[in-house]
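Visitor: Heads up, the sequence shown is in the UniProt record's numbering, so the first residue is 1 and it goes up one at a time.
Note that beta-carbon positions come from the ideal geometry of N, C-alpha and C, so glycine has one too.
Everything numeric in this text was worked out from a predicted model, so none of it was measured.
My questions all concern the structure below.
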Amino acid sequence: MNVCNWLISTAERMPHKTAILFEEDSYTYKELKFNVLSLAKELRRQGFKEKMNIGLMMHNSSDYIISYFAILAIGATAVPINPLFKENEVVYILRNSNAIGILTDNRSITTILNINKEVEALNNIICSKVVEQTNNKKIKFLLNANDANDNEANDLNQIYKSDMNDVAHIIFTSGTTGNPKGVMITHANLNWLSLTEASILNVSSNDKVLCTLPLYHVYGNLQCMLSPFVNGATVIIKERFVAKEVLETIEKERITMFFGVPTMFAMLVQSPLIEVLDFSSLRVCGSGGASIATEIIKKIKQLMHIDILEGYGLTEGTAQVTMNPYNGMKKIGSVGLPIPGVELKIIDENNNEADIGVIGELQFRGPIVMKGYYNNPQATKEIIKENWLSTGDLAYKDKDGYIFIVDRKKDLIIRGGYNIYPREVEEILYQHPNILECAVIGIPNELYGEEIVAYIVCKNDFNEQEIIEHCKEHLVHYKIPRIFKCVEGLPKSAIGKILKRNLKELHFSI
């Protein structure tokens, strides 16, 4: 079933219930349905059709939600892109997804126009708002559904009958090699997880969900868009996270559900407002993206009078794999239990299932496992074997079945909930003419979880500001190293492999 079907179902059951609030925009479910289907009709008019891959590069907004569902409604596949990405990062995703068009907003249109010649297949550019570059014939503008006549509405109710195995969206993440891969998530994946999440969290039409997570990310996509719409909740969208604004909005709007990453909660407890405002409406407070410090969990409980539900997920698992129970025992430091329908096991070094308390690699199977990596069957075979997906993360299980994440087998850095792969940063550093060798590592950081450190060997004198400016040209801000260490040489193995574990030891010995 096409994911759009239950959005339409909700609109038919509660047409006048508010679905979205964003700045001055407000949409009931009836209005959301009409806007989605109006845009879907316009996309068909522009030549888009089923099975096509369409880029979606917008900041958090009501336009993002309308555009996402419109793409799915015509049977096409959405390719969400971080609107903060630099041009080379956007080019990579568009090329490797074979996107034939893109929906964007007026703040990202300049980036798209600058790269248009580099992505030959990009034939259609559709912007959500009218901008100055109207003389460019490639730019179209989103249909204003309010200008459509009501008589057209009956023609808009036919949503493409997607097969459950059809791909709903492709979200790019990085594998163990650091090369971004397109994760194919099906309508079956999204339907199952959205309905399951809504059920286990008791989502209802009485709920108000505060969205500060980026909607292009799997976490925001699930908790702030798909799951709430199942049973008619209202989503209040913020373009970005601002601690003061979040706390004030929870009190003013009587927010019932809020999801964030550990960095957000660390910033909330630092705000003086947390001690004076009323958060009694809040019933669900979820954390994901990285491990959250025990001290932060305790402070949230003390100051906001609510337990944080810590969970674990990854893009290849649609979004969510485990969660501490909403109604049931919660264990601080644990990412909880497998969600319903998911089987999980810990594999030791001998490829046997590990005993209780023994650390091994976390693997899982079930209806949340991705279809595979787009145009990369070899990488798919390496990560999925006999329907079990290998996460590359080290964990152990306690006697009650609760999962505790210990470390990562990969060199993945998680800073403020964002995944950062060292090789991607290293590739950019190597483009600088003065860098001979480099290695990027992550070190613990109280606020962001981890911080990025770049060890570099220079050809000539070290100029830190020059290298920072180079990074700013090619990397989104959260991927830029905050600490640069210029050294005479990097520790290596007998075969010349850089030993990053030695660098971490060196960092803390200095």
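#1: Considering just the uninterrupted stretch of the beta strand (DSSP E) at Ser97, what are its terminal residues?
#2: Looking only at its own chain, which residues have a Cβ that is under 6 Å from the Cβ of Glu353, when we skip the five neighbours before and after it?
#3: Let me make sure I understand the geometry here. Which of Leu412, Leu195, Ile420, Ala395 has the alpha-carbon closest to that of Ile405?
#4: Taking its Cβ as the centre, do 16 or more other Cβ atoms sit within 10 Å of Glu505, making it buried, or is it exposed?
#5: With DSSP as the reference, identify every bridge partner of Asn434, one or two as the case may be.
#6: Output needed for Thr315: all residues of its chain with C-beta closer than 6 Å, excluding positions within five of it in sequence on either side, in chain order.
#7: My guess is that Thr263 and Leu447 are in contact by the Cβ rule of under 8 Å, so how many angstroms apart are they, rounded?
#8: In whole angstroms, what is the alpha-carbon distance linking Asn60 and Leu215?
#9: Taking buried to mean at least 16 other C-beta atoms within 10 Å of its own C-beta, is Thr212 buried or exposed?
#10: Quick one, are the C-beta atoms of Lys331 and Gly357 less than 9 Å apart?
#11: So, for Asn5: in the same chain, excluding its five sequence neighbours on each side, which residues have a beta-carbon less than 8 Å away from its beta-carbon?
#12: Taking buried to mean at least 16 other C-beta atoms within 10 Å of its own C-beta, is Val321 buried or exposed?
#13: Determine, using beta carbons only, whether Met57 and Val90 come nearer to each other than 9 Å.
#14: Which value, in whole angstroms, describes the spacing of the CA atoms of Val79 and Phe69?
#15: Go ahead and pull the three-state DSSP assignment for Thr391.
#16: Does the segment 281 to 299 come close enough to the segment 324 to 341 that 3 or more CB-CB pairs lie under 8 Å?
#17: Could you round the C-beta distance between Ile54 and Trp192 to whole angstroms and report it? I think they count as a contact, below 8 Å.
#18: Is it right to say Val235 is buried, meaning 16 or more other beta carbons lie within 10 angstroms of its own, or is it exposed?
#19: So what does Gln363 bridge to, in DSSP terms?
#20: Ends of the alpha helix (DSSP H) at Asp63?
#21: Quick one: what's Ser287 bridged to in DSSP?
#22: Our contact map puts Cys438 next to Tyr455 with C-beta atoms below 8 Å; I'd like the distance itself, whole angstroms only.
#23: Taking all protein chains shown into account, do 16 or more other C-beta atoms lie within 10 angstroms of the C-beta of Tyr430, making it buried, or fewer, making it exposed?
#24: Within the continuous alpha helix (DSSP H) that includes Ser38, where are the two ends?
#25: In chain order, what residues of the same chain lie with their CB nearer than 6 Å to the CB of Asn434, ignoring the 5 residues before and after it?
#26: Buried or exposed for Pro340, please, with buried defined as at least 16 other CB atoms from any protein chain shown within 10 angstroms of its CB.
#27: With contact counted as at least three CB pairs below 8 Å, one residue from each stretch, are the segment 227 to 244 and the segment 384 to 393 in contact?
#28: Counting contacts by CB-CB distance shorter than 9 Å, is Glu275 in contact with chain D?
#29: Between the alpha carbons of Ile413 and Asn124, how many angstroms are there, rounded?
#30: According to DSSP, simplified to helix, strand and coil, what is Met323?
#31: Quick one: Cα of Lys62 to Cα of Glu23, how far?
#32: If I measure Cβ to Cβ from Pro491 and keep anything under 8 Å in the same chain, skipping five residues before and after, which residues do I get?
#33: Which ranges does the alpha helix (DSSP H) cover as unbroken runs of at least 4 residues, wholly within the segment 177 to 230, from first to last along the chain?
#34: Would DSSP call Lys301 helix, strand or coil?
#35: Since Asn124 sits in a beta bridge, which residues does DSSP pair it with?
#36: What separation, rounded to the nearest whole angstrom, lies between the Cα atoms of Lys17 and Asp207?
Guide: Quick answer:
#1: Position 97 of the sequence shown, counted from the start, is the residue given in the question as residue 97. Looking at the DSSP string, Ser97 is not in any beta strand (DSSP E); the run it does join, the alpha helix (DSSP H), is 87 to 97.
#2: Within the sequence shown, the letter at position 353 stands for residue 353. Taken in chain order, the residues that qualify are Lys345.
#3: Position 405 of the sequence shown, counted from the first residue, corresponds to residue 405. It is Ala395.
#4: Counting from 1 along the sequence shown, the entry for residue 505 is found at position 505. Label assigned to Glu505: exposed.
#5: As a working mapping, residue 434 is identified with position 434 in the sequence shown. Beta-bridge pairing links Asn434 to no other residue.
#6: Taking the sequence shown and counting its residues from 1, the one referred to as residue 315 is at position 315. Correct list, in chain order: Ile171, Thr173, Val183, Val218.
#7: As a working mapping, residue 263 is identified with position 263 in the sequence shown. As a working mapping, residue 447 is identified with position 447 in the sequence shown. So it is a contact: roughly 6 Å between Cβ atoms.
#8: Mapped onto the sequence shown, residue 60 falls at position 60. Mapped onto the sequence shown, residue 215 falls at position 215. Rounded to the nearest angstrom, the two C-alpha atoms are 6 Å apart.
#9: As a working note, residue 212 is residue 212 in the sequence shown. That one is buried.
#10: Start at 1 with the first residue of the sequence shown, and residue 331 comes out as number 331. Start at 1 with the first residue of the sequence shown, and residue 357 comes out as number 357. Their beta carbons are not under 9 Å apart, which means Lys331 does not touch Gly357 by this criterion.
#11: Residue mapping note: residue 5 aligns to position 5 of the sequence shown, counting from 1. Cβ neighbours of Asn5 beyond the five flanking positions: Ile159.
#12: Numbered from its first residue, the sequence shown carries residue 321 at position 321. Looking at its Cβ environment, which holds 16 or more other Cβ atoms inside 10 Å, Val321 is buried.
#13: Locating residue 57 in the sequence shown gives position 57, where the first residue counts as 1. Locating residue 90 in the sequence shown gives position 90, where the first residue counts as 1. Yes, the Cβ-Cβ distance between Met57 and Val90 is below 9 Å.
#14: Numbered from 1 along the sequence shown, position 79 holds the residue referred to as residue 79. Numbered from 1 along the sequence shown, position 69 holds the residue referred to as residue 69. Cα to Cα, Val79 sits roughly 12 Å from Phe69.
#15: One-based indexing of the sequence shown puts residue 391 at position 391. Strand.
#16: yes
#17: As a first step, residue 54 must be located in the sequence shown, where it is residue number 54. As a first step, residue 192 must be located in the sequence shown, where it is residue number 192. Not a contact, Cβ separation roughly 23 Å.
#18: Within the sequence shown, the letter at position 235 stands for residue 235. When all chains shown are included, Val235 counts as buried.
#19: As a first step, residue 363 is located in the sequence shown; it is residue number 363 there, counting from the start. Partner(s): Lys345, Ser390.
#20: By one-based count along the sequence shown, residue 63 stands at place 63. Segment 62 to 73, the alpha helix (DSSP H) holding Asp63.
#21: One-based indexing of the sequence shown puts residue 287 at position 287. In the DSSP output, where bridge partners are listed per residue, Ser287 has Gly260, Glu310.
#22: The residue you call residue 438 lines up with position 438 of the sequence shown. The residue you call residue 455 lines up with position 455 of the sequence shown. About 7 Å; that satisfies the 8 Å criterion.
#23: Working through the sequence shown from its first residue, we reach residue 430 at position 430. So Tyr430 counts as exposed.
#24: As a position in the sequence shown, residue 38 is number 38, starting the count at 1. From DSSP, the alpha helix (DSSP H) with Ser38 extends over 29 to 45.
#25: Locating residue 434 in the sequence shown gives position 434, counting from the first residue. Contacts found: Cys458, Lys459, Asn460.
#26: Position 340 of the sequence shown, counting from 1, holds the residue named residue 340. The residue is exposed, with fewer than 16 neighbouring Cβ atoms inside 10 Å.
#27: no
#28: Reference to chain D is not applicable here, since this structure consists of a single protein chain.
#29: Taking the sequence shown and counting its residues from 1, one reaches residue 413 at position 413. Taking the sequence shown and counting its residues from 1, one reaches residue 124 at position 124. Rounded to whole angstroms, Ile413 to Asn124 spans 35 Å at the Cα level.
#30: Taking the sequence shown and counting its residues from 1, the one referred to as residue 323 is at position 323. Strand at Met323.
#31: Locating residue 62 in the sequence shown gives position 62, where the first residue counts as 1. Locating residue 23 in the sequence shown gives position 23, where the first residue counts as 1. The sequence as given places Ser at residue 62; Lys does not occur at that position. The straight-line gap from Cα to Cα measures roughly 9 Å.
#32: Numbered from its first residue, the sequence shown carries residue 491 at position 491. So the list reads Ile498, Leu499, Asn502, Leu503, Leu506, once near-sequence residues are dropped.
#33: 187 to 200, 218 to 221, 227 to 230
#34: Along the sequence shown, read from residue 1 onward, the residue named residue 301 stands at position 301. Looking at Lys301 - three-state DSSP - the assignment turns out to be helix.
#35: On the sequence shown, residue 124 is found 124 positions in, with the first residue counted as 1. For Asn124, which the question treats as bridged, DSSP gives the partners Gly101.
#36: Along the sequence shown, read from residue 1 onward, the residue named residue 17 stands at position 17. Along the sequence shown, read from residue 1 onward, the residue named residue 207 stands at position 207. The straight-line gap from Cα to Cα measures roughly 11 Å.
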